[in-house]
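Its first residue numbered 1354, the sequence shown is counted upward by one per residue in my numbering.
Heads up, the beta-carbon is just placed ideally off N, CA and C, and yes, glycines get one too.
Here is the structure we will look at.
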Amino acid sequence: MEVTYLGHSAFQVVGAGVTIYVDPFITGNPKAPYGLERLPKADYIFVTHGHADHVGDTVALAKRDDATVITTFEFAEHHLSKQGVKCHDMGVGGTYNFPFGKVRCTVAFHDSGVAGGNPAGFIFHVGDKVIYHAGDTALFSDMKLLGELEPIDLALLPIGGNYTMDRHDAVLAAKFLGAKTIIPMHYNTFPVIETDVEAFAKAIEAQGQQAVVLNPGETYAL
Ligand code: NI
Ligand code: MN
1354 MEVTYLGHSA FQVVGAGVTI YVDPFITGNP KAPYGLERLP KADYIFVTHG
1404 HADHVGDTVA LAKRDDATVI TTFEFAEHHL SKQGVKCHDM GVGGTYNFPF
1454 GKVRCTVAFH DSGVAGGNPA GFIFHVGDKV IYHAGDTALF SDMKLLGELE
1504 PIDLALLPIG GNYTMDRHDA VLAAKFLGAK TIIPMHYNTF PVIETDVEAF
1554 AKAIEAQGQQ AVVLNPGETY AL
């Protein structure tokens, strides 16, 4: 399994015969390593919520590759479907078995733009790995429950503060989740979410978990 960081909260996951993107904000993303034309063909795209820094290039990418977008009902219904994008909508707390593996749509404590619907996170099984992309969220104690329901190999957590949990809260989030490995996201894209990512990584390691800090364009082999 190869997990590539595309800057901000955007990731590409390739393995077990599928290519999956999460929150593919490339155009206009100051941290994007390269343009949309460099992205391999998408099979599935997760969109955690309706904010522009997460929806990003979803419509263009989904149409280019005839990919299925997995997102929450309101956002699929009121935005993506109307633009001719093929969607599989879910509700928070819902699970569904896709051809690549099981997906759990999780709560995220955030907002989602006018008529954007509920914000969410996603836990997805692909190959023999379990990945959690938290979306934009505050810290919440039910992350403990998520970790019990789905033993998480890799958690992608926002650490930039202001709009989401900061690096201190994200260390506690990692503990609650019990994930083996944590990759930080949603930081240093804009001045308001600048943070000390090395301090975050040290704190994660100090509590016995692995932190992997990726520069945009870098890949982690899971
Ligand atoms: Ni947001
Ligand atoms: Mn955001």
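Going straight from the alpha carbon of V1483 to that of P1544, what length do you get?
Rounded to the nearest angstrom, the gap between the Cα atoms of V1483 and P1544 is 32 Å.
Looking at Y1516 and the ligand NI, is the gap between the Cβ and the nearest heavy atom below 7 Å?
yes
For D1489, is the classification buried or exposed, using 16 other Cβ atoms within 10 angstroms of its Cβ as the cut-off for buried?
buried
Measuring CA to CA, which of T1411, I1535, V1438, D1522 is closest to T1567?
The amino acid occupying residue 1567 in the given sequence is Leu; Thr does not appear at that position. In terms of Cα proximity to L1567, the closest of T1411, I1535, V1438, D1522 is I1535.
The ligand NI: which residues have Cβ under 5 Å from any of its heavy atoms, chain order?
Going by the Cβ distance cut-off, the answer is H1404, D1489.
Secondary structure at V1524, three-state DSSP: helix, strand or coil?
helix
With DSSP as the reference, identify every bridge partner of N1450, one or two as the case may be.
K1455
Going by DSSP, what residues sit across from V1479 in a beta bridge?
K1482
In the DSSP assignment, what residue or residues form a beta bridge with E1355?
V1367, A1574
Please state whether the Cβ-Cβ distance between F1493 and H1486 is less than 8 Å.
no
Suppose the cutoff is 6 Å on Cβ atoms and the five residues either side in sequence are ignored; what does the same chain contact list for T1380 look like?
Result list for T1380: D1410, in chain order.
Is the distance from the Cβ of Y1374 to the Cβ of G1570 below 8 Å?
No. Outside cutoff.
As a quick exercise: from T1548, G1470, A1552, pick the residue whose alpha carbon is nearest that of A1429.
G1470
The ligand MN and S1362: does the residue's C-beta get closer than 7 Å to at least one heavy atom of that ligand?
yes
Along the alpha helix (DSSP H) that carries A1415, what are the first and last residues, could you check?
1411 to 1418
Whose C-beta lies closer than 8 Å to the C-beta of Q1560 among residues of the same chain, with five residues either side of it excluded?
V1524, A1527, K1528
Secondary structure at Q1436, three-state DSSP: helix, strand or coil?
Q1436 falls in the helix class under three-state DSSP.
What's the gap between the Cα of M1443 and the Cα of A1554?
33 Å
If you compare alpha carbons, which of M1538, K1497, G1531, L1498 is closest to G1514?
Taking only the C-alpha atoms, the option nearest G1514 is M1538.
If contact is defined by three or more beta carbon pairs under 8 Å, each pair taking one atom from either stretch, is the region 1388 to 1403 in contact with the region 1499 to 1517?
no
Is any non-hydrogen atom of the ligand MN found closer than 7 Å to the C-beta of H1407, if you look at the structure I gave you?
yes
Who does Y1397 pair with in a DSSP beta bridge?
I1373, T1421
Determine, using beta carbons only, whether T1548 and D1519 come nearer to each other than 8 Å.
yes
Taking 7 Å as the cut-off, is the C-beta of H1521 nearer than that to any heavy atom in the ligand MN?
Result no, Cβ not under 7 Å from the ligand MN.
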